[in-house]
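Engineer: Here the sequence shown stands for residues -20 to -1, 1 to 633, where the numbers follow mature numbering (1 follows the signal peptide of the UniProt record, and there is no 0). Glycine included, each C-beta is placed from N, C-alpha and C at the ideal position. Have a look at the structure that comes next, please.
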Amino acid sequence: MNVSVLLLGLSCLLPATSQAEMSDDGWAQMRQLAQLAEYIAVDYVEAVKDGHVVNDGEYQEMLEFSQLIVTNISEIQDKSADAGDLTDQAKALQEAIQNKQAIETIRQMSGSLRGTLLALMPQSSLPDHLLSKATVKGLYESQCASCHGAAGGGDGVMAEQLEPAPTDFTSKERALNRSLLGLYDAISNGIADTAMPAFTQLTEEQRWSLAFHVGGLAFQSGAEVTGEAPGVTLSQMVNHTPAQLAAEHPDMTQKGIERLRAKPELLFQESTNPLKITRDQLLLAQEAHQRGDYQTAQALAVSAYLDGFELVENSLDAQDKALRQTLEADMMAIRQLLKQAQPPGEVESAVGRTLARLDDADRLLSESTLSNATLFSASLVILLREGLEALLVVIALVTVLVRTGRRDGLRYVHLGWVTALVAGVATWAAAQSLVSISGASREVMEGVAALLAAVVLLYVGIWMHSKTHATQWQAYIQQHINSHLTAGTLWGLALLAFIAVYREVFETVLFYQALLTQAAAAQYSSVFSGFVAGTALLAVLAWLLVRYSVKLPIARFFSVTTYLLLALAFILMGKAMSALQEADLIGITPLPVSFEFDWAGVKSTWQGILAQLSVLVVFLVFLGLARRQRKNAPVAERSGEFLEPGVTRSKPE
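What follows is the structure in structure tokens.
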């Protein structure tokens, strides 16, 4: 194809400025040089074969292209300190063309030159997403099909009238050596003196979508391209040709790269498909382990779970709980393997098994669309599971203040949990748009918050148990409660309410975000209905707890609340250990028997079990000390005269 007209303006020297002062026109000309190097890689095969010229017109064009590259790159070399050996690369390419060297050599040299040029230029803006397949197909049919044909074969109804002929996008040979950036530039700028216009009337999003569409047509015919998509970044896929990616990255399979060109939507699922994140991070962790970088491998394995799989656990539980538990155990086992060198093939085998199970999970969550009932149930369970713990802590604090006559302190508790609601949503929003909070950082935050809450709840529970058998409770209230519940203590209650609610809100929002990715737009109402139902149930539960706890005798109230706070401290301690283990701050030593009681925060690791047992041991020690004190107390003090404030036991007749 005669594309020498692309060089219009390149015969003029680039602006005589340094790279830092390069004008927009100068950068555009450098980008045209990079595009020209790509055309040489694509079209040289039509000019020379086996060291002989087979098309003199095409060969003369190759000579012209290479001379113009040398001429213009010489100016860049003179004016830019960062240009490196550009002139040497350009002259070597020109000499190789003059010597009619093999196409493989020309492609390697032109690709290297193009890569150097792109590295010198500012980073091109990349698309955030692509238009839907149906929209792009309609756009192609209205804008491109008359020349390039309905299937992109260069055989449109107007093709016979055009010279040079329109590009055949279905040619795999050409597609392997064409970058998406080159296609985008051709769509945006057109090709002068040909029928290819500049589609300036289209938006940037439409032009990128068309570039991805035509760039994948060569890989759509015949059997569907299969294979695991490699961990290619969007920038790599846009700037490099498939042939370059396969040559420069041995870990990327040709089939995997072709799959991404055929299905570009896979490149834009990283932020919305947690299972893709899991797969990509596990593969990168495996590569890091192979080169002996065990620390990086560990960090990537942690990210695979926290930034990916954890976000779909609730949805997968609704479909196949056993599969969710198996995958969780698999990824924890992989983390243990990655800590040190392993026998050949052991890490690869473990990762392979996990990837196969992830495919099962992905198929389960995507191919069998979640029903409305399943989405409703998952939404309800998420809110109840995450909200119940926070609710119980807040209610316990509220009822203690009510029973002790310190209703003025309620505003501190309410301030704590309301602020936590706002802060939790605000933190999530900031993580989405302003800063990046990794899964590991999130787990550390949640783990520390749970640990702090567990310790405080245990302390409060022990304090309340010490009042369960106090015979002079009325006197204690009158003499001590006002002095003990000072402003500082009340602010402490507000902080406890904040901590208990904040960690749950942030995690709840993340889980709902992941759940929505598994639902169609028409099913959002089911998720919302589950949220509303969960909110209503929590409100009813809160009302019942406040109403009936206030009516309990004071001794019974303190006794019940003591064990409620102890149970919460036990659960939160288990969850704190799990979160810190998932963040890789605490080791994981599994018990001989595998089990899990998620509602109680119990998992089969020595660290988690010992931490939870320590809560019980501390409570039992204080319980024993309290009983010893009561045995040594005067008989009248142990008789429990004041069962309620102001109410004494009647003397027998």
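1. Quick check on the DSSP output: the alpha helix (DSSP H) that includes N169 runs from which residue to which?
2. Once you ignore the five residues that flank S151 on each side, which residues in its own chain have a CB closer than 7 angstroms to its CB?
3. If contacts are defined as beta-carbon pairs under 8 angstroms, then residue 693 and Q266 qualify, I think. What distance do you get, rounded to the angstrom?
4. State the Cα-Cα distance for the pair F289 and L432, rounded to the nearest angstrom.
5. Beta-carbon separation of Y482 and A556 under 9 angstroms?
6. Could you name the residues of the same chain whose beta carbon sits closer than 8 angstroms to that of A125, not counting the 5 residues immediately before and after it, in chain order?
7. Assuming the contact rule is C-beta atoms closer than 8 angstroms, I49 and L13 should be a hit. Round their C-beta distance to whole Å, please.
8. Whole angstroms is fine: what's the gap from E1's alpha carbon to T51's?
9. Can you tell me which of the three DSSP states K80 falls into?
10. Using 8 angstroms as the cut-off, can you tell me whether the segment 514 to 526 makes contact with the segment 387 to 396, which would need three or more C-beta pairs spanning the two stretches below that distance?
11. In angstroms with no decimal places, state the Cα-to-Cα distance between A513 and S168.
12. Kindly identify the DSSP beta-bridge partner or partners of T258.
13. Any idea what DSSP makes of F577, helix, strand or coil?
14. Relative to the C-alpha of A223, which residue among Q88, I551, R11 and I566 is closest?
15. So, with DSSP's three-state summary, where would you put H128?
16. H32 by DSSP, collapsed to three states: which one?
17. Is the beta carbon of E26 sitting closer than 9 angstroms to the one on K113?
18. Using the three-state DSSP reduction, which class does P222 fall into: helix, strand or coil?
19. Which of the three DSSP states is assigned to S630 in this structure?
20. Going by the DSSP bridge assignment, what does V582 pair with across the sheet?
21. In whole angstroms, what is the alpha-carbon distance linking P144 and G134?
22. Just how far apart, CA to CA, sit L524 and P324?
23. Spatial neighbours of V405 within its chain, please: CB distance less than 7 angstroms, with the 5 preceding and 5 following residues excluded, ordered by chain position.
24. With respect to the alpha helix (DSSP H) encompassing M312, which residues constitute its N-terminal and C-terminal limits?
25. Out of curiosity, what's the CA-to-CA distance linking P570 and S584?
26. Return the first residue and the last residue of the alpha helix (DSSP H) that Y120 is part of.
27. Could you check the C-alpha separation between D342 and L291 for me, to the nearest Å?
28. Can you name, in chain order, every residue of its own chain whose Cβ lies under 7 angstroms from the Cβ of F511, other than the five neighbours on each side?
29. Residues in the same chain with beta-carbon distance under 7 angstroms from L240, minus the five sequence neighbours each way, listed in chain order, please.
30. Does the distance from the C-beta atom of E369 to that of A284 stay below 9 angstroms?
31. Kindly list the residues whose CB is nearer than 6 angstroms to the CB of D297, restricted to its own chain and excluding five residues on each side of it in sequence; keep chain order.
32. Measuring straight from C-alpha to C-alpha, what distance separates I20 and H109?
33. Leaving out five residues before and five after A313 in sequence, what residues of the same chain have Cβ atoms less than 7 angstroms from its Cβ?
34. Expressed to the nearest angstrom, what Euclidean distance is found between the alpha-carbon atoms of V374 and W397?
35. In whole angstroms, what separates the C-alpha of T379 from that of Y528?
Structural biologist: Let me lay it out:
1. From DSSP, the alpha helix (DSSP H) with N169 extends over L160 to N169.
2. Within the same chain, S151 has close Cβ partners A198.
3. The chain is shown from -20 up to 633; residue 693 falls before or after that span and cannot be answered.
4. Taking the straight line from one Cα to the other gives about 26 angstroms.
5. The answer is no: Cβ separation not under 9 angstroms.
6. Result list for A125: G136, in chain order.
7. Sure, about 6 angstroms apart at Cβ, within 8 angstroms.
8. In this prediction, E1 scores a pLDDT of 48, lower than 50, which makes its location untrustworthy; the coordinate-derived value is nonetheless stated afterwards. When rounded, the separation of the alpha-carbon atoms in E1 and T51 is 21 angstroms.
9. It is coil, neither helix nor strand.
10. The segment 514 to 526, when compared against the segment 387 to 396, does not touch it at the 8 angstroms Cβ threshold.
11. One C-alpha to the other measures close to 51 angstroms.
12. Note: T258 is not bridge-paired with any residue in the DSSP secondary-structure output.
13. If DSSP states are grouped into helix, strand and coil, F577 belongs with the strands.
14. Out of Q88, I551, R11 and I566, the CA that lies nearest to the CA of A223 is found in Q88.
15. DSSP places H128 within a helical segment (H, G or I) once states are collapsed to three.
16. Here H32 sits in strand by DSSP.
17. In this structure, K113 does not lie closer than 9 angstroms to E26 by Cβ.
18. Reduced to three states, the DSSP call for P222 is helix.
19. The predicted position of S630 is uncertain, since its pLDDT is 42 and thus under 50; no value can be drawn from it.
20. According to the DSSP secondary-structure assignment, V582 is paired through a beta bridge with F577.
21. In this structure, the alpha-carbon of P144 lies about 11 angstroms from that of G134.
22. Distance between the alpha carbons of L524 and P324: 60 angstroms.
23. By the criterion of a C-beta distance shorter than 7 angstroms, V405 is surrounded in its chain by V485 and V489, once the five residues flanking it on both sides are discounted.
24. Residues K301 to L317.
25. Going by the C-alpha atoms only, they are around 6 angstroms apart.
26. If you look at Y120, you'll find it in the alpha helix (DSSP H) that goes K113 to Q123.
27. Straight-line Cα distance between these residues: approximately 13 angstroms.
28. If we look at F511 and ignore the five residues flanking it on each side, its Cβ neighbours are S359 and L363.
29. Cβ within range, chain order: A209, V212, M217, L246 and L247.
30. For the 9 angstroms CB-CB criterion, E369 and A284 do not form a contact.
31. Result list for D297: R304, in chain order.
32. H109 has its alpha-carbon roughly 30 angstroms from the corresponding atom of I20.
33. Take A313, set aside five residues on each side of it, and the residues of its chain with a beta-carbon closer than 7 angstroms to its own are A330, in chain order.
34. About 8 angstroms.
35. Rounded to the nearest angstrom, the two C-alpha atoms are 10 angstroms apart.
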